[in-house]
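Read left to right, the sequence shown gives residues 261 to 679 (the working numbering).
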Amino acid sequence: MGNDQSHAGPHDGPPEVLEERDLASVAKYMKSPECRRVFVMLGAGVSTAAGIPDFRSPGTGLYSNLQRLNLPYPEAVFEINYFRQNPVPFYTLARELYPGQFRPTLTHTFVKLLADHRLLDTCFTQNIDTLERQAGVPGDRIVEAHGSFASQHCVDCKASFDGAAMKRGVETGDIVKCGDCGGFVKPDIVFFGESLPPVFHQKVPRLRAADLLIVIGTSLTVHPFASLTSLVPAGCPRVLINMDPAGDFGTRADDVTLLGRCDAIVRDLCRELGWEAELDREWGKTEILHPLDRLLARPATREAGGDLAASTNDTADAVPRTEGVAGASDGSPVVATPEAEDARVEAAVDALVEKIGKGLEISEREGHRPPATVAIAPEAAAAEETKVASDSKPPDDTPKTDDSPSERKEDGPSAREKL
């Protein structure tokens with residue numbers, strides 16, 4: 261089926277639960293009474309079709325492209341100590357990626373259908389873009405492992421902050437400060453040096469009762485998120501939908517790897533389930549202006565200390581626009597070609613990097629540049645890249661709290677894969 265390519269991996273024996281290791285057998289199992297609790301894990305690849313660039317792809321990811329800017333290291337944009345000294349780069353990035361500008365993809369809509377059909381137990385997502393919520397997935401079924409833009413707090417006194425005021429600050433470029441202590445306010449995105457949300461640890465034990473695990477759009481290299489795949493029961497089928505093989509998929513009897521574009525494979529799966537018309541109908545409810553149009557055609561607004569927004573909008577005319585995912589005349593989605601999708605994401609990354617660069621220039625002129633005596637802790641970024649061995653201990657089932665210094669040290673470096 262088009263983008264459906266099955267990869268059995270090193271397990272040589274026959275499957276034990278599924279009839280075959282292919283998409284049709286997965287769909288048949290999902291329709292059976294044995295499949296009642298489905299868990300989903302989402303990564304960067306799910307949102308790239310929405311026009312949101314991933315962070316880690318070599319050469320094309322945002323981190324690779326940020327290397328040419330005057331940052332201590334690319335990940336400094338998401339490093340809490342750097343943010344305390346210079347919040348402008350993050351605010352510049354947040355302005356371009358703030359929720360409401362991007363349309364959920366077919367894959368996000370598929371997760372909603374799982375909930376509508378009473379199959380979804382929990383959706384663990386690495387993404388901070390809140391597209392699962394925008395697609396209509398119930399909030400109590402979502403675990404945003406790396407945080408999100410859905411709430412915000414002061415980085416110093418931890419006081420919560422009004423969402424509408426935070427949005428205004430991000431849109432205008434006015435750095436939001438806490439009314440109680442004067443500290444900077446940021447969305448509850450997990451930065452390097454911060455703990456994962458408590459709900460992540462609270463929900464992890466539920467995986468031990470899974471009937472099916474579907475992993476979509478992630479390379480499974482960032483822990484502890486990647487370790488979740490090892491927690492489902494031995495007899496639980498695991499399905500990977502991704503451009504490339506990932507993790508230890510193929511080592512269990514009922515592992516299925518479907519290689520290709522997430523949205524294309526999800527459509528094939530929904531067709532087998534008899535959900536394709538429903539998928540198109542629900543996706544049609546999410547229509548929004550094309551994300552790249554939003555990214556490249558913003559009205560000029562005031563930024564902290566100057567005209568950063570106006571200056572960053574100067575990049576719009578320099579970036580070519582491409583056709584993306586749009587609605588056909590009958591309301592059904594028309595999926596962009598892989599080439600057009602890649603070109604769109606590349607253009608978005610280039611635009612973001614240029615805007616962040618201009619933000620850095622303006623912030624440094626206005627004294628936000630960290631003094632030489634401030635330790636930015638680059639080892640945090642280096643440690644985050646360290647891969648956990650395949651036989652590493654899975655996350656403890658005991659819920660952890662933010663009060664543990666060891667927990668902060670363990671979670672902080674490993675708390676991000678992408679936006």
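C-beta atoms are modelled at their ideal positions from N, C-alpha and C, and glycine is treated no differently.
| Asked | Found |
| --- | --- |
| Buried versus exposed, by CB contacts within 10 Å (16 or more), Ser479 | buried |
| C-alpha distance - Ala274 paired with Glu392, whole-angstrom precision | The sequence given here has Pro at residue 274, not Ala. Taking the straight line from one Cα to the other gives about 35 Å. |
| Gly534 versus Arg297, Met290, Ala395, residue with shortest Cα-Cα distance | Met290 |
| Supposed contact pair Ile312 and Leu357 - C-beta distance, whole angstroms, cut 8 Å | 7 Å |
| Inter-residue spacing [alpha-carbon to alpha-carbon] between Gly407 and Glu454 | 10 Å |
| Distance CB(Val306)-CB(Ile474) smaller than 8 Å | no |
| Selection from Ala469, Leu302, Asp440, Lys427 that minimises the alpha carbon distance to Cys414 | Asp440 |
| Leu500 versus Val286, Val436, Phe444, Trp543, residue with shortest Cα-Cα distance | Val286 |
| Close-in-space but distant-in-sequence residues of the same chain around Thr633 (CB under 6 Å, 5 per side omitted) | Residue confidence for Thr633 is low, a pLDDT of 29 falling below 50, so the modelled location carries little weight and cannot support an answer. |
| Pro347, buried or exposed, once every other Cβ within 10 Å from all chains shown has been counted against 16 | buried |
| Per-residue burial, Ala537 [other beta carbons within 10 Å of its own, 16 or more giving buried] | exposed |
| Neighbour-count burial assignment, Arg363, 16 or more Cβ in a 10 Å radius | buried |
| Asn502, enclosing beta strand (DSSP E) - first and last residue | 498-502 |
| Residue range of the unbroken alpha helix (DSSP H) whose run includes Ser307 | 304-307 |
| Simplified DSSP state of Asp230, which is helix, strand or coil | Because residue 230 is not part of the residues shown, which for the chain are 261 to 679, the question remains open. |
| Where Cys438 sits in the DSSP three-state scheme | coil |
| Presumed contact (8 Å Cβ cut-off) between Glu339 and Phe451, rounded CB distance | 6 Å |
| Cβ-based neighbour list, Leu539, same chain, cut-off 8 Å, excluding 5 preceding and 5 following | Leu366, Thr369, Phe370, Leu373, Val526, Arg527, Cys530 |
| Per-residue DSSP class, three states only, for Thr517 | strand |
| At least 3 beta-carbon pairs within less than 8 Å: the segment 392-401 vs the segment 424-441 | no |
| DSSP three-state assignment for Asp553, whether helix, strand or coil | With a pLDDT of 41 at Asp553, under the threshold of 50, the modelled position of that residue is not reliable, and no figure is offered here. |
| Gln412, enclosing beta strand (DSSP E) - first and last residue | 407-414 |
| Contact under 8 Å by Cβ, Pro497 with Val516 | yes |
| Beta carbon of Gln394 nearer than 8 Å to that of Gly303 | no |
| C-alpha distance - Met426 paired with Lys288, whole-angstrom precision | 46 Å |
| Buried versus exposed, by CB contacts within 10 Å (16 or more), Lys678 | With a pLDDT of 38 at Lys678, under the threshold of 50, the modelled position of this residue cannot be trusted, and the question is left open. |
| Which residues DSSP lists as bridging Glu339, in chain order | Phe452 |
| Nearest residue (CA-CA) to Tyr351, options Lys437, Leu278, Ile402, Val298 | Lys437 |
| Assigned secondary structure, Leu472 (DSSP; H/G/I helix, E/B strand, else coil) | strand |
| Where the alpha helix (DSSP H) through Ile402 begins and ends | Per DSSP, Ile402 belongs to no alpha helix (DSSP H); it is in the beta strand (DSSP E), 402-404. |
| Under 8 Å between C-beta atoms of Pro359 and Thr308 | no |
| Outcome for Glu294 when other beta-carbon atoms lying within 10 angstroms are tallied against a minimum of 16 | exposed |
| Assigned exposure category for Pro458 - 16 Cβ within 10 Å defines buried | exposed |
| Host alpha helix (DSSP H) of Glu542 (start-end) | 536-544 |
| For Val430, the three-state DSSP class (helix, strand or coil) | helix |
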